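Quick note: numbering that gives the first Met the number 0 has the sequence shown finishing at residue 252, numbered continuously throughout. Even for Gly, the Cβ is constructed at its ideal location relative to N, Cα and C. Please read these numbers as outputs of a predicted model, since none were measured by experiment.
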Amino acid sequence: MAGANYKLSIEVDGSPVSSQTVTQKVGARRLVTTSMGKPVVTVWEFGMGRVVSLSSDNGNLWGGALYSGENARLFPSMVNWAVGDPRPEDGIVVYSGDMNLGSPGTVIIRSDEMPAVVFGGQDVPVSQTGERTYEGVIEPDHIGLFYLEVSAGGVTLEDTAAVNYPLEYRDVGNDPDFLEAVKRNGGGVYNVDQARSLLFSDIRKNSIMTSEEHVSLSWLFLITALLVFLGEVIMRRAKGIIDIKTRRKGRER
């Protein structure tokens with residue numbers, strides 16, 4: 000909602016809506032109002048989150064017009080404002096998707112400085128298209144999975160992008176003899192459920208990451224030294240007490 004410029008067109012019997020018996024919350028901002036200035040959409044912040052409020056009737060008079068025409072843009076805008084962008088504003092944000100052979104692919108990067116993009120081991124030319132926005136065009140020459148690496152400001156992001164068959168093959172369909180040819184040549188053919196199960200298994204396996212973390216064990220030596228010191232103090236104290244008792248017994252005799 001912030002920065003947006005939407006003009007609502009809500010009329011009842013040819014007159015703009017002005018009747019609204021709602022008072023906005025203290026500290027809230029009115030983003031959409033009636034012709035008399037009564038709030039329709041108000042927003043405020045609650046802790047680390049955002050709150051958006053819509054004030055309307057039950058739909059019998061003018062509320063239903065909010066769902067029609069250009070007015071329908073209001074609701075997704077409200078949700079987008081409340082949710083916000085879950086991606087970080089700082090650092091590098093990469094927008095990329097799968098590509099098709101013969102069709103250029105696009106990778107969009109949001110960064111504070113010009114990023115370096117490597118796709119399949121080859122550098123990708125990058126140009127600035129807006130504030131903190133850069134775009135690189137990828138021309139894949141064969142299908143497969145390729146590593147996508149984006150670096151900027153000492154930070155490197157790695158991802159995997161797929162290059163699929165050409166788009167003109169999409170609606171051709173499958174050769175009915177192809178599956179039999181795969182089986183004859185020692186390959187395997189999976190149905191949808193089997194493929195989904197294998198895919199989930201692969202995702203689960205690849206989602207497990209092993210990291211090496213160095214932990215200092217110097218505290219063990221410190222504790223050991225402290226225990227040795229305390230043990231020596233206790234032994235000396237005990238020996239002193241025993242000597243004192245021994246001398247007292249000798250005097251009593």
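Item to check | Candidates Arg-29, Tyr-94 and Gly-249: closest to Thr-159 by CA position | outcome: Tyr-94
Checklist entry - Do Arg-250 and the ligand MN come close, with the Cβ less than 6 Å from some heavy atom? => result Summarising the ligand content, the structure contains no ligands, and the ligand MN is consequently not present.
Item to check | N- and C-terminal bounds of the alpha helix (DSSP H) containing Pro-75 | outcome: 73 to 82
Checklist entry - Can you tell which of Ser-110, Leu-147 and Val-82 has its C-alpha closest to the C-alpha of Gly-90? => result Ser-110
Checklist entry - From this set, Val-149, Thr-33, Val-136 and Ala-71, which residue's C-alpha is nearest Met-98's C-alpha? => result Per the Cα distances, Val-136.
Checklist entry - Using the C-alpha atoms, what's the distance from Thr-33 back to Gln-193? => result 57 Å
Checklist entry - Under the DSSP definition of a beta bridge, which residues are partnered with Asp-158? => result Under DSSP, Asp-158 takes part in a beta bridge, and its partners are Leu-147.
Checklist entry - Terminal residues of the continuous beta strand (DSSP E) containing Ile-137? => result Taken as a continuous stretch (DSSP letters only), the beta strand (DSSP E) holding Ile-137 covers 132 to 137.
Checklist entry - In terms of residue numbering, what span does the alpha helix (DSSP H) encompassing Asp-176 cover? => result Where Asp-176 is concerned, there is no enclosing alpha helix (DSSP H), given that its DSSP letter is neither H nor E.
Checklist entry - Per DSSP, what kind of secondary structure is Ala-1 in: helix, strand or coil? => result The predicted model places Ala-1 with a pLDDT of 37, which falls under 50 and marks its position as unreliable; any figure quoted below should be read in that light. Coil at Ala-1, not helix or strand.
Checklist entry - So which of Glu-211, Gly-26 and Leu-226 has the shortest CA-CA distance to Trp-218? => result Leu-226
Item to check | Check whether Pro-103 and Glu-138 have beta carbons under 7 Å apart | outcome: yes
Item to check | Per-residue DSSP class, three states only, for Glu-44 | outcome: strand
Item to check | C-alpha distance - Gly-153 paired with Val-116, whole-angstrom precision | outcome: Cα to Cα, Gly-153 sits roughly 13 Å from Val-116.
Next on the checklist: Considering Cα atoms alone, identify which of Ala-237, Glu-148 and Gly-249 is closest to Ile-107.
Outcome noted: Glu-148
Item to check | Distance, Ala-27 Cα to Leu-166 Cα | outcome: 50 Å
Checklist entry - Got a sec, what are the start and stop residues for the beta strand (DSSP E) Ile-258 sits in? => result Residue 258 lies beyond the residue range present for the chain, which begins at 0 and ends at 252; the question has no answer from this structure.
Checklist entry - Under a Cβ-count criterion, where at least 16 other Cβ atoms within 10 Å of its own Cβ denotes burial, should Thr-128 be classed as buried or exposed? => result exposed
Checklist entry - Can the beta-carbon of Leu-256 be found closer than 7 Å to that of Val-188? => result In the structure as shown, the chain begins at 0 and stops at 252. Residue 256 is therefore absent and cannot be evaluated.
Item to check | Given Met-47 as reference, the closest of Asn-59, Gly-83 and Phe-220 once Cα atoms are compared | outcome: Gly-83
Next on the checklist: For a test of the three-state rule: what should DSSP assign to Leu-191, helix, strand or coil?
Outcome noted: Per the sequence presented here, residue 191 reads as Val, with Leu not at that position. Here Val-191 sits in helix by DSSP.
Item to check | Reference Leu-156, options Pro-175, Val-21, Leu-221 and Phe-118, closest by Cα | outcome: Phe-118
Item to check | Three-state secondary structure (DSSP) of Tyr-164 | outcome: The three-state reading of DSSP puts Tyr-164 in coil, since its state is none of H, G, I, E or B.
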